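Below is one structure, written out as structure tokens; comments come after it.
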Amino acid sequence: MTLGQSVHKHIIEVEGLKTQFGDFVVHENLDLRVREGEILGVVGGSGTGKSVLMRAIIGLKRPSEGVVKVFGEDFYAADHQARLSIEQRWGVLFQGGALFSSMTVAQNVMAPIREHLNLPEELAKDIAALKISMSGLPEEAGAKYPSELSGGMKKRAGLARALALDPEIVFLDEPTAGLDPIGAAKFDDLIVNLKESLGLTVFMVTHDLDTLHATCDRVAVLAEKHVIACGPLDEVRRTDHPWISEYFSGPRGRAALSAKAS
Amino acid sequence: MTDSAATFDIDMKGGVLSLIARGDWRARYLGAIDGKLRDFTDDSIGRDIIIDLSAVEKLDTSGAMVLQRTFHACAERTSASKIVGARDSHAALLEQVEQHLAPCHVEPLHGNAFVMVLRRLGKGVIDAMLAGQAILSFIGEILSTFARSVMQPSRFRWTATVHHMEEAGLNAIPIIGLMSFLIGSVVAFMGAKILQLFNADIFTVELVGISVLREFGVLLSAILIAGRSGSAFTAQIGSMKIREEIDAMKVLGLDPLEVLVLPRVMALVIMLPVIAFLAAMLGMIGGGLVAWLAMDISPALFMVRTQETIIMNHFWAGLIKAPFFAFVIAVVGCYQGMEVEGSAESLGQRTTLSVVQALFLVILIDAFFAMFFLEIDF
Numbered sequence: 001m002t003l004g005q006s007v008h009k010h011i012i013e014v015e016g017l018k019t020q021f022g023d024f025v026v027h028e029n030l031d032l033r034v035r036e037g038e039i040l041g042v043v044g045g046s047g048t049g050k051s052v053l054m055r056a057i058i059g060l061k062r063p064s065e066g067v068v069k070v071f072g073e074d075f076y077a078a079d080h081q082a083r084l085s086i087e088q089r090w091g092v093l094f095q096g097g098a099l100f101s102s103m104t105v106a107q108n109v110m111a112p113i114r115e116h117l118n119l120p121e122e123l124a125k126d127i128a129a130l131k132i133s134m135s136g137l138p139e140e141a142g143a144k145y146p147s148e149l150s151g152g153m154k155k156r157a158g159l160a161r162a163l164a165l166d167p168e169i170v171f172l173d174e175p176t177a178g179l180d181p182i183g184a185a186k187f188d189d190l191i192v193n194l195k196e197s198l199g200l201t202v203f204m205v206t207h208d209l210d211t212l213h214a215t216c217d218r219v220a221v222l223a224e225k226h227v228i229a230c231g232p233l234d235e236v237r238r239t240d241h242p243w244i245s246e247y248f249s250g251p252r253g254r255a256a257l258s259a260k261a262s
Numbered sequence: 263m264t265d266s267a268a269t270f271d272i273d274m275k276g277g278v279l280s281l282i283a284r285g286d287w288r289a290r291y292l293g294a295i296d297g298k299l300r301d302f303t304d305d306s307i308g309r310d311i312i313i314d315l316s317a318v319e320k321l322d323t324s325g326a327m328v329l330q331r332t333f334h335a336c337a338e339r340t341s342a343s344k345i346v347g348a349r350d351s352h353a354a355l356l357e358q359v360e361q362h363l364a365p366c367h368v369e370p371l372h373g374n375a376f377v378m379v380l381r382r383l384g385k386g387v388i389d390a391m392l393a394g395q396a397i398l399s400f401i402g403e404i405l406s407t408f409a410r411s412v413m414q415p416s417r418f419r420w421t422a423t424v425h426h427m428e429e430a431g432l433n434a435i436p437i438i439g440l441m442s443f444l445i446g447s448v449v450a451f452m453g454a455k456i457l458q459l460f461n462a463d464i465f466t467v468e469l470v471g472i473s474v475l476r477e478f479g480v481l482l483s484a485i486l487i488a489g490r491s492g493s494a495f496t497a498q499i500g501s502m503k504i505r506e507e508i509d510a511m512k513v514l515g516l517d518p519l520e521v522l523v524l525p526r527v528m529a530l531v532i533m534l535p536v537i538a539f540l541a542a543m544l545g546m547i548g549g550g551l552v553a554w555l556a557m558d559i560s561p562a563l564f565m566v567r568t569q570e571t572i573i574m575n576h577f578w579a580g581l582i583k584a585p586f587f588a589f590v591i592a593v594v595g596c597y598q599g600m601e602v603e604g605s606a607e608s609l610g611q612r613t614t615l616s617v618v619q620a621l622f623l624v625i626l627i628d629a630f631f632a633m634f635f636l637e638i639d640f
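So the sequences go chain by chain: A and B.
Here the first sequence is numbered in our numbering, starting from 1 and rising by one per residue.
Here the second sequence is numbered in our numbering, starting from 263 and rising by one per residue.
Spelled out as structure tokens, the structure:
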């Protein structure tokens, strides 16, 4: 097992993380490693700090203790320039899409391209069109404003923006929440497809058991302020912990499993 | 790194064009060659082309897209056209990108500029008409809601009203008082300068008294409240609208007019006269202080002179306008809040509009009152 792990390159390393809001401690002594090129699903009950963990990794919530290393570099100790270059190597899809409401979808996708790459306008437009199409949006969506899009389209547009700079890591916060089952399944396919063709590493916070089965290489379970289990789904499922057994053996867990089997 | 930036060479062998790509074909390096590549594409339309990728070090989706775009630029490539020398990972990228080459629009389509101008003009006129109609119907709704509340006082939201009285009224008093005090002293200063020329210093008292009591006190209060509370009403109600809180209220059987609008309107209508009164008094004090310090008109003399020459009409003429101003400010603020749609930008536009319209209407009403008082000799 240790031998197997040592060959993997870790693209995100979280060590001894402690985050808190005032006196309320969300994580304590949390360790997590994300391997290059995998899809890691982070699950946990409501309020266990899945999104907070993601925010701690992407630099939005400074931990009170511990180290967060992305691409081997300590994000919170890095200087401004180093942070900027790290930030260009990841893409983030927020839960509601977090699209800039005053811009069209295509302008949203072009925003990071314009900001970070000094490209001619025409080329930036072509790249935006490519990302929009790769995210599974119809081409007419480019000229629409976020308020004119459905929930699923907003997520796809958010994904297109996250992919704008060809990131190496993509963070997804509940990518399938609020989508209908067909849309959610398509989104799962899209993520797997993009991961395979672009060689992405995906860090995904999710509640969705079907998504876990369909996409994740490994699963990390958050409970009691730290990661209680991390590994391939089948391995994690057999872990002896009340929350895990309830999560995977509850009616929804069994349904997702049988759907996967069939 | 930079020495391996994307480049390409063009070669012609036996009637077949070949494009040999070299270096790092990632998005950040494409800017330098995109123009040249487009020129090349335009020139080579309709010819066979071989794209050789064996010297490409790095490739991302943007690079793959640019290569595919060049390759597909002509609809009728023959079988002699091909992409050669791609590594497995690059070939996979090229394949992935190939299905997604269609361009898309960045902005909504615009028509002919002249037609657009006409359309905007027409839309502006019709929108203004509809907005006027809508605001009148909004006022009607508020009045009928008010009437209902009078019939059933238990339905009236006292707590909310008192909250807004504090928020929009009480908390505004320090700043409005200070402004009014300063304006009163400035008026006295300006008057003193001129009136001293005619040896008519004592008329400073009338100048300060009439201007502050009739106009400045109430007008300044209204302007500050429009900027401070009218905009806040729009932002509060508008963000509730964006988050569907207004819809939630409606389906729960709560009337947004009764819960949100009426308390705000009532709070301002009650508080603005109070604020205007305080403002007028502080303006008088400011004027009196300047008269005393700069012109040796003692406070006692100032008081006596005020009592002798300034009739109560001036005071009432100022104060009577306050509830009207308050009503207009609150109604415009709430109405614009209710009109917010979807985006953060709309909220910003509506908030601006709310302040601009409220100020415009306040000054318009003030002008009507001035003419009216002139006609009836008040």
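The beta-carbon is built from N, C-alpha and C at its ideal position, and this holds for glycine as well.
Predicted model, so just to flag it, every value in this text is computed and none were measured.
Residues near residue i by beta carbon distance below 6 Å, same chain, minus five either side
i: residue 269(B); result: 284, 285
i: residue 533(B); result: 427, 431
i: residue 117(A); result: none
i: residue 465(B); result: 457
i: residue 511(B); result: 518
i: residue 1(A); result: Confidence is the limiting factor: at residue 1(A) the pLDDT is only 40, short of 50, which leaves the residue's position unreliable and the question unanswerable from this model.
i: residue 453(B); result: 466, 469
i: residue 597(B); result: 397, 400
i: residue 623(B); result: 590
Below-8 Å beta-carbon distance, residue i vs any chain B residue
i: residue 169(A); result: no
i: residue 247(A); result: no
i: residue 40(A); result: no
i: residue 147(A); result: yes
i: residue 87(A); result: no
i: residue 2(A); result: Below a pLDDT of 50, predicted positions are generally treated as unreliable, and residue 2(A), at 44, falls in that range; no measurement from the model is reported.
i: residue 139(A); result: yes
Under 7 Å by beta carbon: chain B residues contacting residue i
i: residue 51(A); result: Neighbours of residue 51(A) on chain B: none; closest Cβ ~19 Å, over 7 Å.
i: residue 118(A); result: 293
Residue range of the alpha helix (DSSP H) that includes residue i
i: residue 210(A); result: 209 to 215
i: residue 551(B); result: 524 to 557
i: residue 13(A); result: Looking at the DSSP string, residue 13(A) is not in any alpha helix (DSSP H); the run it does join, the beta strand (DSSP E), is 10 to 21.
i: residue 87(A); result: 80 to 87
i: residue 570(B); result: 561 to 571
i: residue 240(B); result: This structure cannot settle anything about residue 240(B), because the visible part of chain B is limited to 263 through 640.
i: residue 451(B); result: 435 to 459
Beta-carbon neighbours of residue i, restricted to chain A and to distances below 9 Å
i: residue 510(B); result: None at all; the shortest Cβ gap to chain A is about 17 Å.
i: residue 323(B); result: 127, 130, 131, 134, 163, 166, 197, 198
Proximity test, Cβ basis, 8 Å: residue i and chain A
i: residue 373(B); result: no
i: residue 362(B); result: yes
i: residue 366(B); result: yes
i: residue 604(B); result: yes
i: residue 505(B); result: no
i: residue 331(B); result: yes
i: residue 502(B); result: no
i: residue 403(B); result: no
i: residue 607(B); result: yes
Within chain B, partners of residue i - CB distance below 9 Å
i: residue 251(A); result: Residues of chain B passing the Cβ test: none, with the nearest at roughly 30 Å.
8 Å Cβ cut-off: residues of chain B touching residue i
i: residue 69(A); result: Under the 8 Å cutoff, chain B gives no residues; its nearest Cβ is about 23 Å from residue 69(A).
i: residue 143(A); result: 366, 367, 368, 369, 370, 371
Element boundaries [beta strand (DSSP E), containing residue i]
i: residue 31(A); result: 24 to 35
i: residue 614(B); result: It is not in any beta strand (DSSP E) - residue 614(B) instead sits in the alpha helix (DSSP H) that spans 606 to 637.
Close beta carbons around residue i, own chain, < 7 Å, minus the five adjacent residues each side
i: residue 255(A); result: none
i: residue 178(A); result: 151
i: residue 263(A); result: For chain A, the structure presents residues 1 to 262; residue 263(A) sits outside this window and is missing.
i: residue 481(B); result: 628
Contact set between residue i and chain A, taken where Cβ atoms lie within less than 8 Å
i: residue 289(B); result: 113, 117, 119, 127, 165, 166
i: residue 319(B); result: Within 8 Å Cβ-Cβ: nothing; residue 319(B) doesn't reach chain A, min ~15 Å.
Interface residues of chain A facing residue i [CB-CB closer than 7 Å]
i: residue 359(B); result: 130
i: residue 353(B); result: In chain order: nothing, as chain A lies at least about 11 Å away.
i: residue 327(B); result: 126, 127, 130
i: residue 601(B); result: The premise fails here: residue 601(B) is roughly 14 Å from chain A at the closest Cβ pair, so nothing lies under 7 Å.
i: residue 468(B); result: What residue 468(B) touches in chain A: nothing, since even the nearest Cβ is about 53 Å away.
Cutoff 8 Å; reference residue i; Cβ partners in own chain excluding five residues on either side
i: residue 264(B); result: Annotation note: pLDDT 46 at residue 264(B) (below 50); position unreliable, no value reported.
i: residue 303(B); result: 331, 332, 335
If you measure beta-carbon to beta-carbon, which residues of the stretch 122 to 136 of chain A are closer than 8 Å to chain B? The residues in question are 122, 123, 125, 126, 127, 128, 129, 130, 131, 132, 133, 134.
Taking a Cβ distance cut-off of 8 Å, strictly less, list which residues of the stretch 93 to 106 of chain A are near chain B, in chain order. Within the stretch 93 to 106 of chain A, the residues whose Cβ lies closer than 8 Å to some Cβ of chain B are 101, 102, 104, 106, listed in chain order.
Along the stretch 293 to 313 of chain B, where does the CB come closer than 8 Å to a CB of chain A? Name the residues. Within the stretch 293 to 313 of chain B, the residues whose Cβ lies closer than 8 Å to some Cβ of chain A are 293, 296, 297, 300, listed in chain order.
Under 9 Å, CB to CB, which of the residues in the stretch 4 to 37 of chain A have a partner in chain D? Within the model displayed, chain D is absent; protein chains A and B are what it includes.
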